[in-house]
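Structure first, then comments.
In my numbering, the protein residues as written are 313 to 520.
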């Protein structure tokens, strides 16, 4: 019993790592159209109007103890990088964000510059090319098949087995031209589905 309490005390003294990253397709809302990169403060309104009700008004410290995991699609506190899912865009730089992933609560906030809202294509081109991609854990088996063209019926050219790295070369609609290094150390290249035709995402930039 004494050993149990010692172990419990050690665990409670360990730092809490509040970084957030999606690892399953189901973690990405179906209506998400991209990501909004947070700054040091965020105010979320009920409508795309600064005179509407304020739903959330908070300073963002990017410290493990204060950041809300349920708010973020992606959160790396040490790098002060936080992103919320965007479900709609309005006029005059307004975007609708999902600010609670558990409840699906949404509200509107304004972008301060053109890079603060990134549609999926822009996000993958920026971060996917830099860091490569990783497959979601629940991606269907057919996603690991590389094709000669960005078409389901095109020739199969390779299969991803025990992947070490997926390097993104370019996006073509819902397909990604990738170069894959497997555990067998045989280079493989071809088109891989990064997203289904109905918008379900199968892979994500391997940001680290």
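Using N, Cα and C, we set each Cβ at its ideal position, and we do this for glycine too. It should be emphasised that the depicted structure is a prediction, and the values quoted were computed from it without experimental measurement.
Quiz item: For residue 383, which of helix, strand or coil comes out of DSSP?
Solution: Counted from its first residue, the chain shown places residue 383 at position 71. Here DSSP, grouped into helix, strand and coil, assigns residue 383 to helix.
Quiz prompt | Sequence-distant residues of the same chain with beta carbon closer than 7 angstroms to residue 406, five excluded per side | solution = On the chain shown, position 94 is the one that residue 406 refers to. 360, 420, 422, listed in sequence order.
Quiz item: What is the C-beta distance between residue 475 and residue 458, in whole angstroms, given that I count them as a contact (C-beta under 8 angstroms)?
Solution: Here residue 475 refers to the residue found at position 163 when the chain shown is read from its first residue. Here residue 458 refers to the residue found at position 146 when the chain shown is read from its first residue. Contact doesn't hold; Cβ gap of about 11 angstroms is too wide.
Self-check item: residue 462 in three-state terms, based on DSSP
Solution: Walking along the chain shown from the start, residue 462 turns up at place 150. Note: residue 462 maps to coil in three-state DSSP.
Practice problem: Counting only runs of 3+ residues fully inside the stretch 396 to 459, write out the beta strand (DSSP E) ranges in chain order. | Solution: 406 to 412, 417 to 422, 429 to 431, 445 to 447, 457 to 459
Exercise. If I'm right that residue 514 touches residue 451 with Cβ under 8 angstroms, what's the distance once you round it to whole angstroms?
Key: Translated into positions along the chain shown, residue 514 becomes position 202. Translated into positions along the chain shown, residue 451 becomes position 139. That pair is a contact at about 4 angstroms.
Self-check item: For residue 500: DSSP bridge partner residues
Solution: Within the chain shown, numbered from 1, the residue matching residue 500 stands at position 188. According to DSSP, which records beta bridges pairwise, residue 500 is partnered with 492.
Quiz item: Among 471, 488, 403, which has the Cα closest to the Cα of residue 440?
Solution: Numbered from its first residue, the chain shown carries residue 440 at position 128. Residue 488 is the option with its Cα nearest to residue 440.
Quiz item: What do you get for residue 506, buried or exposed, if any count of 16 or more other CB atoms within 10 angstroms of its CB means buried?
Solution: Locating residue 506 in the chain shown gives position 194, counting from the first residue. Per the 10 Å Cβ criterion, buried.
Practice problem: Pull up the CB-CB distance for residue 385 and residue 397, whole angstroms please, since I reckon it's below 8 angstroms. | Solution: Locating residue 385 in the chain shown gives position 73, counting from the first residue. Locating residue 397 in the chain shown gives position 85, counting from the first residue. Residue 385 to residue 397, Cβ: 5 angstroms. Contact.
Practice problem: Report back the beta-carbon spacing between residue 337 and residue 435 to the nearest angstrom; my notes put them in contact at under 8 angstroms. | Solution: Position 25 of the chain shown, counting from 1, holds the residue named residue 337. Position 123 of the chain shown, counting from 1, holds the residue named residue 435. Rounded, the Cβ-Cβ distance is 16 angstroms, inconsistent with contact.
Quiz item: Is it right to say residue 498 is buried, meaning 16 or more other beta carbons lie within 10 angstroms of its own, or is it exposed?
Solution: In the chain shown, residue 498 corresponds to position 186, counting from 1. When all chains shown are included, residue 498 counts as exposed.
Practice problem: Drop a sphere of 10 angstroms on the beta-carbon of residue 510, count the other beta-carbons inside from all chains shown, and report buried for 16 or more, exposed for fewer. | Solution: Stepping through the chain shown from its first residue, residue 510 is reached at position 198. Exposed.
Quiz item: In angstroms, rounded to a whole number, what distance separates the CA positions of residue 512 and residue 503?
Solution: For the purposes of this step, residue 512 is taken as residue 200 along the chain shown, with counting starting at 1. For the purposes of this step, residue 503 is taken as residue 191 along the chain shown, with counting starting at 1. Cα to Cα, residue 512 sits roughly 17 angstroms from residue 503.
Exercise. Please name the residue, chosen from 393, 456, 466, that lies closest to residue 500 on a Cα-to-Cα basis.
Key: Along the chain shown, one-based indexing puts residue 500 at 188. Cα-wise, what sits closest to residue 500 is 456.
Exercise. Reducing DSSP to helix, strand and coil, say where residue 376 ends up.
Key: Reading the chain shown from its first residue, position 64 is the one you call residue 376. Residue state for residue 376 is assigned as coil, using DSSP reduced to three classes.
Quiz item: Thinking C-alpha only, which one of 390, 372, 473 is nearest residue 446?
Solution: Position 134 of the chain shown holds residue 446. Comparing alpha carbon positions, the residue from 390, 372, 473 closest to residue 446 is 473.
Quiz prompt | Residue range of the beta strand (DSSP E) that includes residue 518 | solution = Taking the chain shown and counting its residues from 1, the one referred to as residue 518 is at position 206. Premise fails: residue 518 is in no beta strand (DSSP E) and is neither H nor E.
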